[in-house]
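Shown next, in structure tokens, is the structure this report addresses.
There are 2 protein chains.
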Amino acid sequence: MKTVCLRLDFEVASDVRETIAKNLYWTDRRITDVDVSEHDHPTLTITCADDTDEDVLQAQVLADVRLMASQQAGFPVRTVYRHQSSRPYSLPEQQVYSELMARNWVSPELRGSFTFTGIMADLYYGLDRLFADLAKELGARNVYLPSLLDTKTLLKSSYLDDYAHLGNYVFHLHEDRSTLALIAAAHAESEDGLDLSRLPTSAANPEAVLSPAACQPFYPLLAGSALAERVLVTGYTRCYRYESGATRGLRRSREFGVREIILVGTGPEVTAFRQELLDLCRDLLERLDVGGELATASDPFFIDTAARYRMFQMSFDVKHEVRLDIHRGPAIAVASVNLHSDHFGKAWDIRQADGSAAHSCCMGFGIDRWCLAIFSQFGFAVRDWPRTLQEVVAG
Amino acid sequence: MKTVCLRLDFEVASDVRETIAKNLYWTDRRITDVDVSEHDHPTLTITCADDTDEDVLQAQVLADVRLMASQQAGFPVRTVYRHQSSRPYSLPEQQVYSELMARNWVSPELRGSFTFTGIMADLYYGLDRLFADLAKELGARNVYLPSLLDTKTLLKSSYLDDYAHLGNYVFHLHEDRSTLALIAAAHAESEDGLDLSRLPTSAANPEAVLSPAACQPFYPLLAGSALAERVLVTGYTRCYRYESGATRGLRRSREFGVREIILVGTGPEVTAFRQELLDLCRDLLERLDVGGELATASDPFFIDTAARYRMFQMSFDVKHEVRLDIHRGPAIAVASVNLHSDHFGKAWDIRQADGSAAHSCCMGFGIDRWCLAIFSQFGFAVRDWPRTLQEVVAG
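Residue numbers (the numbering used here), protein chains in the order written: chain G, 24 to 418; chain P, 24 to 418.
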């Protein structure tokens, strides 16, 4: 391993720094760690394999960083609402993890997936119940959303056009009764874990992919239909994204729980409901007395099609995020409200009563991240937490 | 495709017929469908690819069937308790699906994974809440169990020794910024779906496998520790098994929801708690007024190591199942209570206070199957359901 340092000679906003730290792993597979310092002119510290050509890497990194920065610069974040918590107590992110692990409340299973116990588990389930109740108050009906999706579902919605690299693909061993082959598969434990290289599998044409965004499997249900009235549902599901070296604790995990709200209807219905969701975000910050803000957001990547999609995103203020304060660190996005226009209506042939493509919007609460932010803001003594949050934990 | 028919000239009990129908797909990959008639001397109707040698296949199938039948014959099912529902109304399984699909309450996403809406979703979430409450009454604390497991977790617990073929393995695309490669991956839609055959991936050494049994990721949390007292937890998670051609609706799906209860402690603590779980099963049948039974069970496969494990299973009455009646069809196992002896204690070095390996047991409720059985027994008019079940749906 060696380290390449790069001081940027242009200004980079904090949301762009986060984008860089997240996406730069895709510049070159030999990059094993990316650190972006918290300065206006940040220093990038890149750890990479010994056989990396530093000059080539530097040039490539700089080109990608400039692209992301310029794309994002055109769309500055606009804060819609900010809530200052009345509680002064707060812990840095790293200390939260240390405490959670020491108490065995969070235990890593795999890089990016965890087992939770204690108050962490109580808070997790309690928040999902709270968000579900809020969704019901808005009129949402229950939906169960699967995590195991047909790859065709993500191809049809164009998700894989931009985000194939985030996919967690699923395959199986082909039916082969040779005991030896199966046992060999099971026993081939090595440094790298399981070795399936000599076995026939479905990996070249994986039939399934884990849901990267909770609402994706909902639209096929309405495919080919004309809606007599708007459809409003809520469900809990787990989502999965492969984030390479950017995978970090509860902030960016590979498996994460989502409470989702989805509306499909006419354009005006969607616009009106989006406002209800934004109001909900605001109410929630006040009600739980958590410090944070509601702001517009974008999700840039350095591949052309993603840039095009993001342009579309930002030009209509189509993505809002609730970002909670983390002591001495970057804020964390714990919920997002997304307008899809008629993207899914067109992809799945879902029509309004007048025959035109239906519109949709969704809201997702990232439950693991809510837990992280709450521990960071209020610490580990639940009796000192805001009363509403104490009730959430008590269940 | 061609069809091979085989009339068995020996008696085969109903649980053995189910085992045969489930496992025979692993005799030869060319088998695409297996039907076992509901007779004491059943006829097997096997659909297979045109290039199958019928004589070889027949011989192989007969050998495997004889092996499974003889293994299972030594361990007849013992009914512990039976409850007759006071409601006479009931629908055959196929009619339940037709109705669920017609109402859009169940919609297939992929073979073995579904989206649920309407009363199906209400019942699903309601049952999980009920089972969670029952677990809490027994003293269980919340646990969040991940679905994305390290392959090493299943190697260490020996799960993959017997059940590697059930695995849903997870891989990712290697970090490669070539836009073309990513886009090619996304767009390579064909008859077979996604084509990743030309892309560098982690499939040969998959780092993750989807949880095939809810309790598996819990034990690593306690690894290397000595328990001062018993540990009792409950959590909801989704489990995943690849069942080849045996995948069938809600009866045998590839993704299924589980409410799990796990106890780790001393031998006597586990034995006593197992009895509490068996009592719970009995109470539940009465309370919900669903027709079914509590019985001992085994889970044979035709690979030697599995046979050994099953011997161990049966010799201690270590597996009980709640099996609910399905109109004009085989009953369905909707919950199981499993004694593990010190299997996991030894695998993960979890010790009792006296230094010996800890014992464990678990109970899993298969929520999707409960829903299927309830619709089969009581139909679609919720107002006619047993009152307790109406409350479950109302939430």
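Ideal Cβ placement from N, Cα and C applies to all residues, glycine included.
Closer than 7 Å to the CB of aspartate 173/G there is at least one CB belonging to chain P. Secondary structure at aspartate 173/P: strand, using DSSP grouped into helix, strand and coil. Across the set Ser359/P, Gly216/P, Met91/P, the C-alpha of Ser359/P shows the shortest separation from the C-alpha of isoleucine 284/P. Three or more Cβ pairs drawn from the segment 107 to 121 of chain G and the segment 344 to 362 of chain G lie within less than 8 Å of each other, which places the two stretches in contact.
Under the Cβ distance rule, valine 166/G counts among the residues neighbouring chain P, one pair being separated by less than 7 Å. At least one CB of chain G lies nearer than 7 Å to the CB of valine 193/P. With contact defined as three or more Cβ pairs closer than 8 Å, the segment 149 to 162 of chain P and the segment 217 to 226 of chain P are not in contact. Straight through space, the alpha carbons of valine 39/P and aspartate 63/P are spaced by roughly 10 Å. Out of Gly315/P, Lys25/P, Arg282/P, the CA that lies nearest to the CA of tyrosine 147/P is found in Arg282/P.
No Cβ of chain P is located within less than 7 Å of the beta carbon of arginine 89/G. As summarised for the segment 285 to 321 of chain G, the continuous beta strand (DSSP E) elements at least 3 residues long and confined to that stretch are 315 to 319, given in chain order. Residue pairing of isoleucine 349/P in beta bridges, as defined by DSSP: Gly352/P. Shown in chain order are the members of the segment 226 to 248 of chain P whose Cβ falls below 8 Å from a Cβ of chain G: Ala226, Ala227, Asn228, Pro229, Glu230, Ala231, Val232, Leu233, Pro240, Phe241, Pro243, Leu244.
For threonine 70/G, the closest C-alpha among the options Leu90/G, Leu47/G, Ala92/G is that of Leu47/G. Secondary structure within the segment 55 to 122 of chain G: the beta strand (DSSP E) runs of 3 or more consecutive residues, fully enclosed, are 66 to 71, 102 to 106 (chain order). In the same chain as serine 130/P, and ignoring 5 residues on each side of it, the C-beta atoms closer than 6 Å to its own belong to Thr138, in chain order.
Proline 65/P is outside the set of residues whose beta carbon lies under 7 Å from a beta carbon in chain G. Chain P places no beta carbon closer than 7 Å to that of glycine 314/G, leaving this residue out of the contacts. Per DSSP, reduced to three states, the secondary structure at glycine 389/P is strand. With a cutoff of 7 Å on beta-carbon distance, aspartate 365/P and alanine 380/P are scored as near each other. Taking all protein chains in view, the Cβ of glutamate 316/G is crowded by 16 or more other Cβ atoms within 10 Å, so the residue is classified as buried. For glutamate 266/G, no alpha helix (DSSP H) segment is defined, and its DSSP state is neither H nor E.
Taking a contact as a CB-CB distance under 8 Å, the pair leucine 255/P and leucine 286/P counts as one, their CB atoms being some 5 Å apart. In this structure lysine 175/G touches glycine 216/P by the C-beta definition: roughly 6 Å separates them, less than 8 Å.
The shortest C-alpha to C-alpha distance from leucine 177/P to any of Val79/P, Glu252/P, Asp145/P, Ala231/P is the one to Ala231/P. Scanning Asp74/P, Gly258/P, Glu41/P for the CA closest to the CA of isoleucine 54/P turns up Asp74/P. CA-CA distance, aspartate 151/P to methionine 143/P, rounds to 12 Å. Residue environment for methionine 24/G: exposed (fewer than 16 other C-beta atoms within 10 angstroms of its C-beta).
DSSP, reduced to helix, strand and coil, places threonine 411/G within a helical segment of the structure shown.
Residue burial is scored here from C-beta neighbours: serine 60/G has fewer than 16 other C-beta atoms within 10 angstroms and is therefore classed as exposed. Interface residue (Cβ-Cβ distance to chain P less than 7 Å): aspartate 73/G is not classified as such. Nearest neighbour of leucine 362/G by Cα position, chosen from Phe401/G, Glu292/G, Leu412/G, turns out to be Glu292/G. Bounds of any beta strand (DSSP E) do not take in threonine 42/P; it lies within the alpha helix (DSSP H) bounded by 37 to 46. Judged by DSSP in its simplified three-state form, histidine 195/G adopts coil rather than helix or strand.
In the DSSP assignment, the residues bridged to valine 232/G are Leu172/G, Tyr192/G. Straight through space, the alpha carbons of histidine 106/G and glutamate 309/G are spaced by roughly 7 Å.
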